[in-house]
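**Student:**
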Amino acid sequence: MNKYDNIAEYYDSTMKSGYYDYPKEAQSLDSILKGRKKLLEIGVGTGLLAEKLLELDPSYEITGIDFTPAMLDRAKARLGNRAKVVEGNVLSMDLQESFDGIYSHGGPAGVCRVGKDYHLYSFLPNFEDTVKMLNNIACHLVEGGLFVLNIQAE
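Okay, structure coming up:
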């Protein structure tokens, strides 16, 4: 059990109450991916964004990884057999496959805009772990694959 297990119960209602516009986020991500179909969502949570992507294009092959069992239970219920959901950690994941695109939307990493500047942020405890995560992500991308981070405005 980790600290996120305790929030799984109310996570969806919080995230869907206007914090994110998931249909719009999915449309933006779909346009960025430009035909890349085999995807990995790191920090999939309860599967809210994966669900909207699959509604836009059911041909997406999505694998979602998260380290919170209670969140994954909700993702499995939401996504059914339309996506693969895996319990794991981005620092140690070894999925034995490569992806056309990997994305993080409120997961372990993102970009924050402050004024005119953009900063990489990570929920990992230290810089070394952030570098390890980025290297691990790169190892799971096909050549020419795309890593997409969400941008949080001020």
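In this text, residue positions in the sequence shown follow the numbering used here: the first is 8, and each later residue adds one.
For each residue, glycine too, the CB sits at the ideal point set by N, CA and C.
These numbers were taken from a predicted model, which means no experiment stands behind them.
1. Among Ala90, Leu102, Gly108, which residue has its Cα nearest to the Cα of Ser38?
2. Could you check how far apart the C-beta atoms of Val51 and Gly71 are, in whole angstroms? I think they sit under 8 Å.
3. Whose C-beta lies closer than 7 Å to the C-beta of Phe154 among residues of the same chain, with five residues either side of it excluded?
4. Identify the residues that DSSP records as bridge partners of Thr70: which are they?
5. Between the alpha carbons of Lys59 and Ser105, how many angstroms are there, rounded?
6. Assuming Glu62 is part of the alpha helix (DSSP H), what are its boundary residues?
7. In angstroms, rounded to a whole number, what distance separates the CA positions of Tyr125 and Val118?
8. Buried or exposed: Pro30, going by 16 or more other Cβ atoms within 10 Å of its Cβ?
9. Would you say Gly114 and Asp73 are within 9 Å of each other, going by their C-beta atoms?
10. Short of 6 Å in beta carbon distance, which residues of its chain neighbour Lys45, apart from the five on each side in sequence? Order them along the chain.
11. Have a look at the DSSP bridge pairing and note the partners of Val121.
12. What separation, rounded to the nearest whole angstrom, lies between the Cα atoms of Ile49 and Val121?
13. State the start and end residues of the unbroken alpha helix (DSSP H) segment that holds Phe134.
14. If you draw a straight line from the alpha carbon of His112 to that of Glu32, how long is it in whole angstroms?
**Tutor:** Short version:
1. Here residue 38 corresponds to residue number 31 of the sequence shown, with the count starting at 1. Of Ala90, Leu102, Gly108, the residue nearest in Cα terms is Gly108.
2. Start at 1 with the first residue of the sequence shown, and residue 51 comes out as number 44. Start at 1 with the first residue of the sequence shown, and residue 71 comes out as number 64. Right, the Cβ-Cβ distance comes to about 3 Å (below 8 Å), so this counts as a contact.
3. Residue mapping note: residue 154 aligns to position 147 of the sequence shown, counting from 1. For Phe154, same chain residues with a beta-carbon under 7 Å away, outside a window of 5 residues either side, are Ile109, Ile144, Leu148 in chain order.
4. Stepping through the sequence shown from its first residue, residue 70 is reached at position 63. Its beta-bridge partners are Leu47, Lys91.
5. As a working note, residue 59 is residue 52 in the sequence shown. As a working note, residue 105 is residue 98 in the sequence shown. Those two C-alpha atoms are separated by around 22 Å.
6. The residue you call residue 62 lines up with position 55 of the sequence shown. If you look at Glu62, you'll find it in the alpha helix (DSSP H) that goes 55-63.
7. As a first step, residue 125 must be located in the sequence shown, where it is residue number 118. As a first step, residue 118 must be located in the sequence shown, where it is residue number 111. Each residue's alpha carbon lies about 6 Å from the other.
8. Walking along the sequence shown from the start, residue 30 turns up at place 23. The residue is exposed, with fewer than 16 neighbouring Cβ atoms inside 10 Å.
9. Residue numbering aside, residue 114 sits at position 107 when the sequence shown is read from its first letter. Residue numbering aside, residue 73 sits at position 66 when the sequence shown is read from its first letter. Yes; because the gap between Cβ atoms is below 9 Å, this pair is in contact.
10. In the sequence shown, the residue the question calls residue 45 occupies position 38. Within the same chain, Lys45 has close Cβ partners Glu68, Phe106, Asp107.
11. Along the sequence shown, one-based indexing puts residue 121 at 114. DSSP, once it has assigned bridges, lists Asp124 as partnering Val121.
12. As a first step, residue 49 is located in the sequence shown; it is residue number 42 there, counting from the start. As a first step, residue 121 is located in the sequence shown; it is residue number 114 there, counting from the start. Their Cα atoms are separated by approximately 24 Å.
13. As a working note, residue 134 is residue 127 in the sequence shown. Residues 134-146.
14. Position 105 of the sequence shown, counting from 1, holds the residue named residue 112. Position 25 of the sequence shown, counting from 1, holds the residue named residue 32. Looking at the two C-alpha atoms, the distance is approximately 9 Å.
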